[in-house]
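J.: Sending over a structure as structure tokens; questions will come in a sec.
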Amino acid sequence: MTDSKTFDLYLASDTDNPTAGTSIEYLAESYGDDIFQRLLNDLLNTDFSKQEATDFWHAAMRNFNEDSKRMNWRSVVLDYLLIRTDLLKNPRIIDAEELKHLQTEAVTDGLTNLYNQAHFKQRLATIIEEHSTDSDAVFSLIILDLDRFKQFNDRCGHLRGDRALEKIGKLIQSQIPKSALAARYGGEEFTVILPRTELSDAIEIAENIRAKVADTEFDGEDRLDSGKLTISGGIASYPIAGPTSADMITYADNKLYEAKVTRNSISPRANNSRQIIRHSYRSIVEICTPNSETFKNSLSADISHTGILLKSSSPAIVGTDMKLRFPYPFWPAEHSTNGQVKHIRRNGRRGAFMVGIEFLQPQNEFLEEILLR
């Protein structure tokens, strides 16, 4: 047991009832009957059993008296620890500002001041969950990686490498919208979540980051074979890249791999992003599997020359081939093609599904007819 302990007065919120006993009951009901064991063992570096911890807390409550009626449970326990036991000596009470600082440290990378990987993954999962019930929802993910950074560290030293990473963090933050979330993913990798951002806009933001890094001087970069420290990036856009966090990260990582072939590059490139822009178009599409002749109606949400997103009352299996029929007059002309299911997700709570289908052959001419209509 150390002489100096930290007792966090802000671990949990009191209920509207100011009595300590009510707060105790609230904690147990909300967090389970092992809450006292977890809190005490965490705070005091002790090894209380669940029963010992519970008894301890109730003993502290018995110390509660009319003179201290306005004290909340945290104050009561702190008072009990100091006066009635030897478990806590020389306490340091954390004020709100310090607690806020500690909370920030818990989700922040200490070198770059960007968010850390754990917070990034948590936010990505939350955003996907929020978007899963909205067929019009879109956001983008960028994964960035410094080119030849091992060579930079080997030739310039890790201290210069750390300074470069710190500078990169600031550059990334300066090039993204306020609504975006930037994180250090690990080593020389960074990620950026761009809410409500289409692929074409995400490419522009990623290109701005790439260009800014290329235009910035880094101490020691002249020792690189290329003579310049640069960055490459891969982009994934929801829901085309897939309905889960793992799908989004894998897609962006694959695009990053493509960009790393040439380095100082972003994939997909700005000059071909127009080819995969989705166009909002709502109309009847008839679909069926190749071994069936029974077509079912679905409703298109958006379409590109490479694929279509449909709202369907029936689920589908990823990897399944599909026949698609676009009936006139709901479309400019009677048209049919084949595709493959790439992803599926439930749409809201009414039993509908959003089905992403990739065309087996690009539908350039058909898309032009739609856009000219």
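Just so you know, the numbering used here puts the end of the sequence shown at 1160, numbered straight through with nothing missing.
C-beta atoms are modelled at their ideal positions from N, C-alpha and C, and glycine is treated no differently.
Given a threshold of 16 other Cβ atoms within 10 Å of its Cβ, counted over all protein chains shown, does leucine 1111 qualify as buried or as exposed?
T.: Locating residue 1111 in the sequence shown gives position 324, counting from the first residue. Leucine 1111 is buried by the Cβ-count criterion.
J.: For lysine 1083, I'd like the list of residues in its chain whose CB is within less than 8 Å of its CB, leaving aside the five on either flank, ordered along the chain.
T.: Locating residue 1083 in the sequence shown gives position 296, counting from the first residue. Once the five neighbours on either side are set aside, the close Cβ partners of lysine 1083 are Glu1073, Ile1074, Cys1075, Ser1099, Ser1100 and Ser1101.
J.: Per DSSP, which residues does aspartate 932 bridge with? Please list them.
T.: Residue 932 sits at position 145 when you count from the first residue of the sequence shown. Among the bridge pairs identified by DSSP, aspartate 932 is matched with Glu976 and Ser1019.
J.: Using the beta-carbon count (16 or more within 10 Å), is asparagine 1161 buried or exposed?
T.: Residue 1161 falls outside the range modelled here, since the chain spans only 788 to 1160, and no answer is possible.
J.: Let's test the definition: count the other Cβ atoms within 10 Å of the Cβ of alanine 905 and tell me whether it reaches 16, buried, or not, exposed.
T.: Sequence index remark: in the sequence shown, residue 905 carries index 118 (1-based). Around the Cβ of alanine 905, a 10 Å sphere holds fewer than 16 other Cβ atoms; the residue is exposed.
J.: Could you compute how far the alpha carbon of glutamine 1148 sits from the alpha carbon of glycine 1126?
T.: Taking the sequence shown and counting its residues from 1, one reaches residue 1148 at position 361. Taking the sequence shown and counting its residues from 1, one reaches residue 1126 at position 339. Those two C-alpha atoms are separated by around 8 Å.
J.: Taking glycine 956 as part of the alpha helix (DSSP H), name the residues at either end of that continuous run.
T.: Position 169 of the sequence shown, counting from 1, holds the residue named residue 956. Glycine 956 -> alpha helix (DSSP H) spans 945-961.
J.: Can you grab the Cα-Cα spacing for the pair asparagine 866 / aspartate 820, in whole Å?
T.: By one-based count along the sequence shown, residue 866 stands at place 79. By one-based count along the sequence shown, residue 820 stands at place 33. Asparagine is not the amino acid found at residue 866; the sequence shown has aspartate there. The straight-line gap from Cα to Cα measures roughly 23 Å.
J.: Since glutamine 824 sits in a beta bridge, which residues does DSSP pair it with?
T.: Here residue 824 refers to the residue found at position 37 of the sequence shown. DSSP output for glutamine 824 lists no bridge partner at all.
J.: According to DSSP, which residues form a beta bridge with phenylalanine 1185?
T.: Outside the shown range of the chain, which is 788 to 1160, sits residue 1185, and nothing can be said about it.
J.: At what residue ranges does the segment 980-1032 contain a whole run of the alpha helix (DSSP H), taking only runs of 4 or more?
T.: 986-1002
J.: Give me, in chain order, the residues of the same chain whose beta-carbon lies closer than 6 Å to that of aspartate 1108; leave out the 5 immediate sequence neighbours on both sides.
T.: In the sequence shown, counting from the first residue as 1, residue 1108 sits at position 321. Here the set comprises Pro1077 and Gln1127.
J.: Could you say which of Ser1019, Asn900 and Gln962 lies nearest to asparagine 1041 if we only look at CA atoms?
T.: The residue you call residue 1041 lines up with position 254 of the sequence shown. Checked all of Ser1019, Asn900 and Gln962; the closest Cα to asparagine 1041 is Ser1019.
J.: Pick helix, strand or coil for methionine 1141, following the three-state DSSP scheme.
T.: One-based indexing of the sequence shown puts residue 1141 at position 354. The answer is strand: DSSP assigns methionine 1141 an E or B state.
J.: Give a yes or no on whether the C-beta atoms belonging to alanine 1033 and isoleucine 930 are separated by under 8 Å.
T.: One-based indexing of the sequence shown puts residue 1033 at position 246. One-based indexing of the sequence shown puts residue 930 at position 143. No, these two residues do not count as a Cβ contact at 8 Å.
J.: Am I right that arginine 1050 and glycine 1007 are in contact with their C-beta atoms under 8 Å? What's the rounded C-beta distance?
T.: On the sequence shown, residue 1050 is found 263 positions in, with the first residue counted as 1. On the sequence shown, residue 1007 is found 220 positions in, with the first residue counted as 1. The pair is not a contact, with the Cβ atoms about 18 Å apart (cut-off 8 Å).
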